[in-house]
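J.: Sharing a structure, written as structure tokens. Questions coming.
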Amino acid sequence: MIALLKRDLTLAFRAGGGFGLSLAFFLVFTALVPLGIGPETARLSEIAAGLLWLGALLACLLSLDRIFQLDWEDGTLDLIATSPLPLEAAAALKALAHWLTTGLPLVALAPVLALLLNLPGAAYPWLIASLAVGTPALSAIGTFGAALTVGIKRGGLLLSLLVLPLYVPTLIFGALTVTRGAQGLDAAAPLFLLAGITLGAGAILPFAAASALRVNLR
Amino acid sequence: MSSIWEYANPRRFMATSGALLPWISALAALFVVGGLIWGFFFTPNDFRQGSTVKIIYIHVPAAIMATSAWFMMLVASIIWVVRRHHVSALAAKAAAPVGMVFALIGLLTGAVWGQPMWGTWWEWDPRLTAFLILFLFYLGYIALWEAVENPDAAADLTSVLCLVGTVFAVISRYAILFWNQSLHQGASLSMDAEENVADVFAYPLWTCIGGFFLLFVALVLFRTRTEIRARRLKALIAQEQMA
Numbered sequence: 000m001i002a003l004l005k006r007d008l009t010l011a012f013r014a015g016g017g018f019g020l021s022l023a024f025f026l027v028f029t030a031l032v033p034l035g036i037g038p039e040t041a042r043l044s045e046i047a048a049g050l051l052w053l054g055a056l057l058a059c060l061l062s063l064d065r066i067f068q069l070d071w072e073d074g075t076l077d078l079i080a081t082s083p084l085p086l087e088a089a090a091a092l093k094a095l096a097h098w099l100t101t102g103l104p105l106v107a108l109a110p111v112l113a114l115l116l117n118l119p120g121a122a123y124p125w126l127i128a129s130l131a132v133g134t135p136a137l138s139a140i141g142t143f144g145a146a147l148t149v150g151i152k153r154g155g156l157l158l159s160l161l162v163l164p165l166y167v168p169t170l171i172f173g174a175l176t177v178t179r180g181a182q183g184l185d186a187a188a189p190l191f192l193l194a195g196i197t198l199g200a201g202a203i204l205p206f207a208a209a210s211a212l213r214v215n216l217r
Numbered sequence: 000m001s002s003i004w005e006y007a008n009p010r011r012f013m014a015t016s017g018a019l020l021p022w023i024s025a026l027a028a029l030f031v032v033g034g035l036i037w038g039f040f041f042t043p044n045d046f047r048q049g050s051t052v053k054i055i056y057i058h059v060p061a062a063i064m065a066t067s068a069w070f071m072m073l074v075a076s077i078i079w080v081v082r083r084h085h086v087s088a089l090a091a092k093a094a095a096p097v098g099m100v101f102a103l104i105g106l107l108t109g110a111v112w113g114q115p116m117w118g119t120w121w122e123w124d125p126r127l128t129a130f131l132i133l134f135l136f137y138l139g140y141i142a143l144w145e146a147v148e149n150p151d152a153a154a155d156l157t158s159v160l161c162l163v164g165t166v167f168a169v170i171s172r173y174a175i176l177f178w179n180q181s182l183h184q185g186a187s188l189s190m191d192a193e194e195n196v197a198d199v200f201a202y203p204l205w206t207c208i209g210g211f212f213l214l215f216v217a218l219v220l221f222r223t224r225t226e227i228r229a230r231r232l233k234a235l236i237a238q239e240q241m242a
């Protein structure tokens with residue numbers, strides 16, 4: 000298990016630039032927002048919470064088709080499937096590796112970008128907490144979507160169509176946490192609901208992802 | 000006649016559905032046309048909303064059927080996953096576009112009604128938003144069916160998507176309630192509580208709901224028969240090429 004995780008992490012860091020890509024996307028997205036909305040800081044700080052969550056979500060989406068696609072193409076996925084490790088565990092590890100290489104850096108980068116968007120100071124702890132709690136759900140859901148579409152040529156667009164509606168509850172609670180935090184309200188309730196979604200997704204979706212993988216490997 | 004599972008045999012299904020389809024279609028036409036005519040021409044205008052209220056005879060049944068169709072797809076998907084009856088998977092496939100169109104009708108008639116009533120075509124209201132997301136789920140489901148070439152693999156994958164999607168659709172529904180307050184009115188009809196709609200509107204409305212339900216059944220049967228025929232044709236062509 001550790002070996003698989005290590006291998007995925009090493010591959011993400013060394014090959015293909017998948018690691019930095021989503022971070023760079025997040026940065027570019029945030030930089031483009033004021034160009035589209037207008038540079039007034041008051042308006043930006045009002046919508047910063049939702050925009051940061053949207054940016055994180057899209058950055059995460061961008062890297063999803065890498066989760067299984069490369070392993071599928073060179074046959075590694077068959078080896079993983081025939082190894083003694085249950086496929087459910089492999090799917091969970093893939094999701095974890097995806098989170099460690101995209102979700103976690105996004106959490107680290109978000110405060111800097113929040114500064115660019117003039118997010119109110121009170122919201123920073125909530126932003127970091129909500130991203131830290133919520134992005135694992137994005138990775139788990141995305142892994143399921145990637146498992147569904149792994150056998151499809153050029154499935155990237157389809158993957159977005161399938162995954163984005165599933166992201167709705169995570170996005171709502173994540174953005175709501177930060178918005179309430181920015182208004183100085185207690186944001187614990189949406190944060191707990193977000194944590195519930197993450198735990199539920201982490202518990203159930205590896206099984207769904209593994210069954211989808213089995214179908215695609217058949 | 001021993002068990003309902005006998006209808007999982009495509010031949011048996013084709014024979015039974017072929018015999019039933021004309022009757023169901025005729026009934027559906029009778030109820031839909033009758034209910035709409037009753038609703039449009041033989042009910043008084045609402046004293047506040049005028050004649051625009053009559054759009055409920057399309058809007059409410061379409062909305063009910065859009066959610067019911069997804070539920071039917073869920074049941075069919077579970078049957079496919081558990082017992083692997085091909086007719087079940089094909090019925091789910093056949094129901095998806097019908098449900099999507101019902102969802103679209105619900106959204107469009109809602110917009111047409113909302114413009115004079117709420118002064119806006121679209122409002123980010125919980126019911127509307129949840130419905131739009133249901134529509135997106137339909138799109139994704141249909142797209143996945145189209146994208147996977149092997150029919151059995153497609154049935155498996157879409158079933159898993161339908162199961163997971165249902166869970167997330169329900170969570171989204173409640174998440175959206177948390178997110179925004181409601182502008183859309185509450186349920187107008189219910190089985191147990193006293194109706195919010197006067198009887199004079201409720202009877203034609205129930206007729207329309209029944210008619211839309213029959214229409215859905217007829218369309219799904221028809222489309223499932225087409226799917227089965229297409230599957231047979233494909234098998235025949237494959238046989239020809241082998242020979």
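Chains as they are written, first to last, in numbering that gives the first Met the number 0: chain P, 0 to 217; chain X, 0 to 242.
Glycine included, C-beta positions come from ideal geometry on N, C-alpha and C.
#1: Classify E148 of chain X: buried if its beta carbon has 16 or more other beta carbons within 10 angstroms, exposed otherwise.
#2: By a C-beta neighbour count over all protein chains shown, 10 Å radius and 16 as the cutoff for buried, is E193 of chain X buried or exposed?
#3: At what residue ranges does the segment 143 to 200 of chain P contain a whole run of the alpha helix (DSSP H), taking only runs of 4 or more?
#4: Of the residues P:G133, P:L50, P:A145, which one's Cα is nearest the Cα of I196 of chain P?
#5: Keeping to the same chain, check which residues put their C-beta closer than 6 Å to that of F172 of chain P; ignore five residues upstream and five downstream.
#6: For a quick check, are the C-beta atoms of T178 of chain P and A80 of chain P less than 8 Å apart?
#7: Closest to P104 of chain P by C-alpha separation, out of P:I203, P:A58, P:T9, would be which residue?
#8: Tell me whether W144 of chain X sits in a helix, a strand or coil according to DSSP, three-state version.
#9: Which whole-angstrom value is the C-beta distance of D155 of chain X and V214 of chain P, which I expect to be below 8 Å?
#10: Under 6 Å Cβ to Cβ from R222 of chain X, same chain only, skipping five residues before and after it: list those, please.
#11: I'd like the span of the alpha helix (DSSP H) that includes E87 of chain P, first residue to last.
#12: Less than 8 Å between the C-beta atoms of L8 of chain P and A55 of chain P, yes or no?
#13: Could you tell me the alpha carbon to alpha carbon distance between V32 of chain P and Y166 of chain P, rounded to whole angstroms?
#14: Does the Cβ of I132 of chain X have 16 or more other Cβ atoms within 10 Å, making it buried, or fewer, making it exposed?
#15: Take A168 of chain X as the anchor and find which of X:L103, X:F136, X:V159 has the nearest alpha-carbon.
#16: Alpha carbon to alpha carbon, what distance is there between L26 of chain X and L170 of chain P?
#17: In whole angstroms, give me the CA-to-CA distance for A211 of chain P and G210 of chain X.
#18: Give a yes or no on whether the minimum CB-CB distance between F167 of chain X and chain P is below 8 Å.
#19: Please classify W125 of chain P: does DSSP put it in a helix, a strand, or coil?
#20: Could you work out which residue in P:P205, P:L112, P:V27, P:L157 is closest to A142 of chain X when comparing CA atoms only?
#21: In this structure, does DSSP put G74 of chain P in helix, strand or coil?
#22: Under 9 Å between beta-carbons, which chain A residues line up against G154 of chain P? List them in chain order, please.
T.: By the coordinates alone:
#1: exposed
#2: In this prediction, E193 of chain X has a pLDDT of 47, which is less than 50 and means its spatial position is unreliable; nothing more can be read from the coordinates.
#3: 155 to 165, 167 to 181
#4: P:G133
#5: P189, L192, L193
#6: no
#7: P:A58
#8: helix
#9: 4 Å
#10: A93
#11: 86 to 97
#12: no
#13: 21 Å
#14: buried
#15: X:F136
#16: 45 Å
#17: 38 Å
#18: yes
#19: helix
#20: P:L157
#21: coil
#22: Of the protein chains in the structure, P and X, none is chain A.
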